[in-house]
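S.K.:
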Amino acid sequence: MTSRRDQFDDYVLDAAARLEATCGRAFPAVEFAVEDVPRGPAPWEHREVPLGRLFPATGSWPARIVVYRRPVETRVSDPRDVAALVSDIVTEQVAGLMGVSPEELDPGFGE
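Take the position in the sequence shown, starting the count at 1, then add 13; the result is the number in our numbering.
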């Protein structure tokens, strides 16, 4: 039996693995992480609670994409929709890192 937290982690890893398989060698060096809630708005963000954030690579640290579990879970009315929303968030963040549109990485983005 897996916890909701572990299941959420698996959704993020599955979404990243699908994109990596699609992109192949072009997939950027990036770490994925899950946090329960964002620590506070970044200066460039509006008042909306972010569902995910991209932190660019700095020095010897690779880029990092963080998906926020609680805000994602509260955005869906059916728990079965969490995986789809996580996939869209990961796709959007990786696309931002690569400088392409999310639709280029996943033609089904947002459906």
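Every residue, glycine too, gets a C-beta built ideally from N, C-alpha and C.
1) Suppose the cutoff is 7 angstroms on Cβ atoms and the five residues either side in sequence are ignored; what does the same chain contact list for Arg31 look like?
2) Around the Cβ of Ala28, are there at least 16 other Cβ atoms within 10 angstroms (buried) or fewer (exposed)?
3) Would the beta-carbon of Pro51 fall within 9 angstroms of that of Val43?
4) Going by alpha carbons, who is nearest to Glu33 out of Glu86, Tyr81 and Ser100?
5) Would Ala46 and Val79 be called neighbours here (beta carbons separated by less than 9 angstroms)?
M.R.: In this structure, then:
1) Translated into positions along the sequence shown, residue 31 becomes position 18. Taken in chain order, the list of residues that qualify is empty.
2) Start at 1 with the first residue of the sequence shown, and residue 28 comes out as number 15. Its Cβ being crowded by 16 or more others within 10 Å, Ala28 is buried.
3) On the sequence shown, position 38 is the one that residue 51 refers to. On the sequence shown, position 30 is the one that residue 43 refers to. No, they are not a contact pair.
4) Your numbering for residue 33 matches position 20 in the sequence shown. Per the Cα distances, Ser100.
5) Against the sequence shown, residue 46 aligns to sequence position 33. Against the sequence shown, residue 79 aligns to sequence position 66. Going by C-beta atoms, Ala46 is nearer than 9 angstroms to Val79.
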